[in-house]
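Some notes on the structure that comes next.
Numbering (the working numbering), first residue to last: 68 to 342.
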């Protein structure tokens, strides 16, 4: 898939996923979000840039941490995700959140050396050129500032991974090419170092994705995630087929309480060297 098409798939796919994203993924992503927030350690008065913000699950806690004297600029390629973030910030009376639709590879509204921290929670896997995102993070950070990135880990440790070949078998282009690359071995730390970051540290987190029923697991995987655009175009028969195949792929993780699907996150941080 060329870069232009990949961006289009992500933009309109996440527009489709916005309603089911939090119900399907908030609990499952909590461990990665908590670790990213801990490492980011946002302080009162700081300015944080949150890339690929989704519905604001990381943006809003960051805004609480930086307080009224600070600010969080949130960006996402999906307009519907930005609308959701703005709505949630308004509901929580967080006037220090400023959300914009923007490609993470080119955050043109942000001046050089303008923020204290850059975060990206599970969005870096979706962009055509992750190195450009990290270059932008380095550009906008003040000297001494830090970047914290979270991605999914090794494919073999993510029990839901068959969702991609199941969908790819029915569409002409790959939905998420190279999805697990950055979570493999030392790939993400190397990318940060190539972008100029120092003091790079990587943490791996093994987790479980809990779903109470087959319907909940299907909703998250197909309607609330990265394959939502393709899924939206499937007819009733095709949807039935992919549901059955996906449930078969995760059947080993079912118990009396539903599903506990294994997963792994990688959280990596680095600093822009102080002058």
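Don't be surprised by glycine CBs; every beta carbon is placed ideally from N, CA and C.
Reduced DSSP category for residue i - H, G, I as helix; E, B as strand; rest coil
i, result
"residue 329", "strand"
"residue 246", "coil"
"residue 336", "strand"
"residue 194", "coil"
"residue 216", "strand"
"residue 261", "helix"
"residue 322", "strand"
"residue 251", "coil"
"residue 305", "helix"
"residue 76", "helix"
"residue 123", "coil"
"residue 256", "helix"
Span of the beta strand (DSSP E), counted from its first residue to its last, around residue i
i, result
"residue 266", "265-278"
"residue 167", "164-168"
"residue 183", "182-188"
"residue 117", "114-118"
Alpha helix (DSSP H) segment containing residue i, residue limits
i, result
"residue 129", "126-133"
"residue 157", "146-158"
"residue 222", "Careful: residue 222 lies outside any alpha helix (DSSP H) and carries neither H nor E."
"residue 105", "97-107"
"residue 139", "Residue 139 -> not in any alpha helix (DSSP H); beta strand (DSSP E) instead, spanning 138-143."
"residue 296", "295-299"
"residue 281", "281-285"
"residue 230", "230-235"
Outcome for residue i when other beta-carbon atoms lying within 10 angstroms are tallied against a minimum of 16
i, result
"residue 37", "This structure does not reach residue 37, given that the chain is present from 68 up to 342, and the question cannot be answered."
"residue 303", "exposed"
"residue 157", "exposed"
"residue 197", "buried"
"residue 213", "buried"
"residue 239", "exposed"
"residue 115", "buried"
"residue 176", "exposed"
"residue 292", "buried"
"residue 315", "exposed"
Neighbourhood of residue i by C-beta, 6 Å cutoff - its chain only, sequence neighbours within 5 removed
i, result
"residue 89", "122"
"residue 29", "Residue coverage of the chain in this structure runs from 68 to 342, which leaves residue 29 outside it and unanswerable."
"residue 187", "118, 119, 216"
"residue 173", "none"
"residue 195", "70, 73"
Close-in-space but distant-in-sequence residues of the same chain around residue i (CB under 8 Å, 5 per side omitted)
i, result
"residue 331", "219, 220, 221, 224, 225, 250, 271, 272, 273, 274"
"residue 102", "217, 270, 272, 332, 334"
"residue 209", "180, 181, 182, 183, 339"
"residue 309", "233, 234, 237, 289, 298, 301"
Same chain only: Cβ atoms within 7 Å of residue i, ignoring 5 sequence neighbours per side
i, result
"residue 170", "74, 144"
"residue 317", "226, 227, 284, 326, 328"
"residue 254", "248"
Query raised in the report: Taking contact to mean at least 3 C-beta pairs separated by less than 8 Å, is the segment 136-154 in contact with the segment 73-83?
Result: yes
Report task. Indicate whether the contact test is met: 3 or more Cβ pairs, each with one atom in the segment 272-290 and one in the segment 83-102, closer than 8 Å. Result -> yes
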